[in-house]
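Residue numbers (the working numbering): 25 to 185.
Okay, here's the thing in structure tokens:
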């Protein structure tokens, strides 16, 4: 995050100068113009540079993550190409939510939450300094355990005994 990125435009107009070239951004449910009417739009004018074959973004943030489409209209009609930008953000310290007590034989749900990482991180749970496998039946040390573990959501559920 905070670095610069160059997005290539491989769409071509055929012979001569294109009659129209524009860049659009689609992300988080919105579509905005980046370059339209031969100029950068207000949102991008202070942090982007336009070149005929690329769009250069300075100081990218998580909000810049999405699809950028370069559209060219010329002698051969309309052509376009889309570049997907993924902004990587390191995860923050996760927050484990563990019940303070559980009655023997009852179900227990433990969660691990982290909302800063991009792309979203995966989670591992440990018991006595040992990584717990997703499927307890795959490890002799955990084969008698009854739990489900989802590394994508960070949820560990101890089943009822």
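The beta carbon of each residue, even a glycine, is placed where N, CA and C say it ideally should be.
- With fewer than three CB-CB distances shorter than 8 Å, the segment 120-138 does not count as touching the segment 84-92.
- Counting only runs that start and end inside the segment 85-157, there is no alpha helix (DSSP H) element of at least 4 residues.
- Ranked by Cα distance from residue 176, the first of 77, 57 and 136 is 136.
- Inter-residue distance for residue 60 and residue 27 is about 24 Å (C-alpha atoms, whole angstroms).
- Each of 182, 31, 95 and 55 was checked against the Cα of residue 128, and the nearest Cα belongs to 182.
- CA-to-CA, the gap between residue 93 and residue 107 works out to about 6 Å.
- Straight through space, the alpha carbons of residue 170 and residue 82 are spaced by roughly 50 Å.
- Membership of residue 164 in any beta strand (DSSP E) is not indicated, and neither H nor E is assigned to it by DSSP.
- Setting aside the 5 residues that flank it on each side, residue 173 is surrounded in the same chain by 149, 156, 158 and 180, each with a C-beta closer than 7 Å to its C-beta; the list follows chain order.
- Taking 8 Å as the cut-off, the beta carbon of residue 115 is found no closer than this to the beta carbon of residue 90.
- Here residue 145 is buried, its C-beta having at least 16 other C-beta atoms within 10 Å.
- Taking a C-beta distance under 8 Å as the contact criterion, residue 130 and residue 34 do not qualify as a contact pair.
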